[in-house]
Amino acid sequence: TDPAIIRNFCIIAHIDHGKSTLADRMLQKTGVVAARDMKAQYLDRMDIERERGITIKSQAVRMPWEVEGTAYALNMIDTPGHVDFTYEVSRSLAACEGAVLLVDAAQGIEAQTLANLYLAMENDLTIIPVLNKIDLPAAQPEKYALELANLIGGDPADVLRVSGKTGEGVEALLDKIVRDLPAPVGNADAPARAMIFDSVYDTYRGVVTYVRVVDGKLSPRERIQMMSTKASHELLEIGVSSPEPTPTQGLGVGEVGYLITGVKDVRQSKVGDTVTNLAKPAAESLGGYQDPKPMVFSGLYPIDGSDYPALRDALDKLQLNDAALVYEPETSVALGFGFRVGFLGLLHLEIVRERLEREFNLDLISTAPNVVYEVKTEDKKMITVTNPSEFPGGKILEVHEPMVAATILAPNEFVGAIMELCQSRRGHMRGMDYLSEDRVELRYWLPLAEIVFDFFDVLKSKTRGYASLDWKADGEQVSDLVKVDILLQGEQVDAFSAITHKDKAYSYGVMMTQKLRELIPRQQFEVPIQAAIGSRIIARESIRAIRKDVLAKCYGGDISRKRKLLEKQKEGKKRMKMVGRVEVPQEAFIAALSSD
Ligand code: GTP
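Read in order, the letters of the sequence shown are residues 39 to 634 in UniProt numbering.
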């Protein structure tokens, strides 16, 4: 295909501003999906995506569109919308020349609108500002066109107005994409360089890799090479999605499509990597490749210990499809055999856990998630801690915790509440700007550990749902962090150890000891429950002794009944965990770990 008739674009938007709906409408208007085949959100293929209404994996679709007698090929690249997947967003953007910046005409600019816009600007994309949902009675297109024009420059009158729902304005938008976006440029005679912006595992076809060709050409049956690993593969199939996969005679400069090599593991076809010809390799890769870096770790345990091998198999399978998922075996006194699993963020954790439970039929318990700390010990060694149990005892010189740069957008009446919240989460304010007379952007530097768990929920409730949040990793700081252990009769219960800020250690200790006192049944002796930092006890509860005699209820000599009761008690014991001399039903641990 002649690059002059190609336009590569993506749609960027805050969550729920209607990106998927607009994409669906474009597929319909360009005729690639007939109305009768139209399922809501055609591009979101995974069930979980459809049910949660979120886009996890990006996809690319080729659509024909004619302007003034010339047939153009538009490649629409779908991008994930959640902060956990920012790296994937940035790779998708790098595959485009332009971006449709979509803003809900009843909501205005939100935090992810800004975050995505900045990413698009970093990639030098041409921006087409568009207001969506103009069919809504609450839409205020005049007001928000001005807000958008103020943000990116230009005339409010040039901001397109569309409705993904009714289809109004969508044709005009397709025309504008052809007119305003530059055609791709590249060197057709150079060795091939194609950037991988997505890679998905398909049960039947193995890994399907989505690429954007920058220079040269990739052809079927030739051998290609992954530039980061030097691994080479035969190109079994190459083609475009429109939207069903359609094989072609290759992909040239500016083209977007998929390739299949028969590899079974997405980690052999990594997002951000450059593909070249093995026979005539490019000297330099396209750059910008990054290994996915897990930010949050949690222990995953099968509730039924005999499911451990099944959990391992399930994780192996999921990893084929998810290059960001990392795990290693771990054992816990309280929970038995399980895995320490690393995730990009909490949404990623939830998705993985839900898939394990749903697709693999596993019942799981996860330990409280934690971020990754770097600990400097007395002998000046740096230790990476992904699990509180790895936190070194003895003297510690410094603990480094990961930080994020957060952007919060909200109506100005909530500024006080937001500042208070950020302060209580050990945040440092970096700046504040008015986007319009009643909307404020606040910028904070915050510890990841303070933001990643419940921050967004609290922020929403303090601002009656009006605030939006976006953040990205931004360095680290040295903090006063300690490990709090929970002891049952002097024995440490590993699953409950936590790394917290010194000021929050006491409240964590009190909360956990009280919870466990309520959940653990009485034993034949008194059981102290303590919270400790090193050897210093910071909280204490105790479970009073009871003499548990199941036979007491059986008067007389009904021996069969006695035997039955003893059997039953044995049955019960199997689900008991021993912590030192203390018998704890596994349910108590599970209940203590589940957040209320
Ligand atoms: P993610 O893919 O998760 O980022 O969400 P999204 O931005 O794609 O939003 P989606 O297309 O799922 O739409 C969000 C909600 O807005 C859905 O309930 C849509 O039905 C609704 N919606 C989308 N476009 C329009 C529109 O033009 N008008 C109206 N009234 N509703 C719309």
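Idealized CB from N, CA, C, for every residue including glycine.
Being a predicted model, the structure only gives us computed values, none of them experimental.
Heavy atom of the ligand GTP within 8 Å of Val60 beta-carbon: Checking the sequence, you will find Leu at residue 60 rather than Val. Taken from the Cβ of Leu60, at least one heavy atom of the ligand GTP lies inside 8 Å.
Where Arg63 falls: helix, strand or coil (DSSP): Helix at Arg63.
Helix, strand or coil at Asn154 according to DSSP, with G and I counted as helix: The answer is helix: DSSP assigns Asn154 an H, G or I state.
Given 8 Å, three or more beta-carbon pairs between the stretch 220 to 229 and the stretch 265 to 285: Taking 8 Å as the limit for Cβ pairs, the verdict is that the stretch 265 to 285 does not touch the stretch 220 to 229.
For Glu458 and Tyr242, the rounded distance between their alpha carbons: Annotation: Tyr242 to Glu458 spans about 53 Å, alpha carbon to alpha carbon.
Near the ligand GTP: Ser201 beta-carbon under 8 Å from a heavy atom: Yes, the ligand GTP has a heavy atom inside 8 Å of this Cβ.
Residues near Gly136 by beta carbon distance below 6 Å, same chain, minus five either side: Excluding residues within five positions, the ones whose Cβ falls inside 6 Å are Phe47, Leu163, Thr164, Leu219.
6 Å CB neighbourhood of Ile172 in its chain, flanking five on each side removed: Closer than 6 Å at the Cβ level, and outside the excluded window around Ile172, lie Ala143, Pro179, Arg199, Ser201.
Reduced DSSP secondary structure (H/G/I, E/B, other) of Glu625: Three-state result, Glu625: helix.
Terminal residues of the alpha helix (DSSP H) in which Met264 lies: Looking at the DSSP string, Met264 is not in any alpha helix (DSSP H); the run it does join, the beta strand (DSSP E), is 261 to 264.
Arg45 and Asn113 closer than 9 Å at C-beta: Yes, the pair counts as a contact, with Cβ atoms nearer than the cut-off.
First through last residue of the alpha helix (DSSP H) which encompasses Asp495: Boundaries of the alpha helix (DSSP H) harbouring Asp495: 493 to 500, taken from the DSSP string.
Heavy atom of the ligand GTP within 8 Å of Ala183 beta-carbon: No, since every heavy atom of the ligand GTP falls outside the 8 Å radius drawn around the Cβ of Ala183.
DSSP beta-bridge partners of Leu400: Listed as beta-bridge partners of Leu400 by DSSP are no residues whatsoever.
Rounded separation between Ala629 and Lys500 - CA only: Each residue's Cα considered, the two are about 28 Å apart.
Any non-hydrogen atom of the ligand GTP closer than 8 Å to Thr151 Cβ: The beta carbon of Thr151 sits no closer than 8 Å to any heavy atom of the ligand GTP.
4 or more residues per run - each alpha helix (DSSP H) lying fully within the stretch 177 to 245: Counting whole runs of 4 or more residues, the stretch 177 to 245 contains the alpha helix (DSSP H) stretches 179 to 190, 208 to 218.
The alpha helix (DSSP H) enclosing Gln357, as first and last residue numbers: Counted as a single uninterrupted DSSP element, the alpha helix (DSSP H) harbouring Gln357 occupies residues 346 to 359.
Inside the stretch 535 to 584 only - alpha helix (DSSP H) runs reaching at least 4 residues: List check, alpha helix (DSSP H) in window: 540 to 557.
For Asn450, three-class secondary structure by DSSP: The answer is helix: DSSP assigns Asn450 an H, G or I state.
Residues of its chain near Lys414, where Cβ-Cβ distance is below 6 Å and the 5 sequence neighbours each way are ignored: Take Lys414, set aside five residues on each side of it, and the residues of its chain with a beta-carbon closer than 6 Å to its own are Met420, Leu435, Glu436, in chain order.
DSSP beta-bridge partners of Thr312: According to DSSP, Thr312 bridges with Met233.
Simplified DSSP assignment, three categories, for Gly146: Three-state DSSP puts Gly146 in coil, outside helix and strand.
Counted within 10 angstroms of its Cβ, other Cβ atoms place Ala51 as buried (16 or more) or exposed: Buried: at least 16 other Cβ atoms inside 10 Å.
CB contact flag (Ala361, Glu397, <9 Å): When the beta-carbon positions are compared, Ala361 and Glu397 stay at least 9 Å from each other.
Pair within 9 Å by beta-carbon distance, Thr68 and Met101: Inclusion of Thr68 and Met101 in the CB contact set at 9 Å is warranted, their separation being smaller than that value.
Backbone CA spacing between Leu316 and Pro330 [nearest angstrom]: Straight-line Cα distance between these residues: approximately 25 Å.
Separation of Ala158 from Gly244, as counted between CA atoms: Whole-angstrom Cα-Cα distance: 31 Å.
Residue environment, Thr108, which counts as buried when at least 16 other CB atoms sit within 10 Å: With fewer than 16 Cβ atoms within 10 Å of its Cβ, Thr108 is classed as exposed.
In chain order, each beta strand (DSSP E) run of at least 3 residues that lies wholly inside the stretch 258 to 299: You should have 261 to 264, 270 to 272, 275 to 279, 283 to 285, 294 to 298.
Counted within 10 angstroms of its Cβ, other Cβ atoms place Ser266 as buried (16 or more) or exposed: Ser266 is exposed by the Cβ-count criterion.
CA-to-CA distance, Asp342 to Tyr156, given in whole angstroms: Roughly 47 Å between the two C-alpha positions.
Sheet register partners of Gln515 (DSSP bridge): In DSSP, Gln515 forms a bridge with Glu439.
Rounded separation between His466 and Arg481 - CA only: Each residue's Cα considered, the two are about 9 Å apart.
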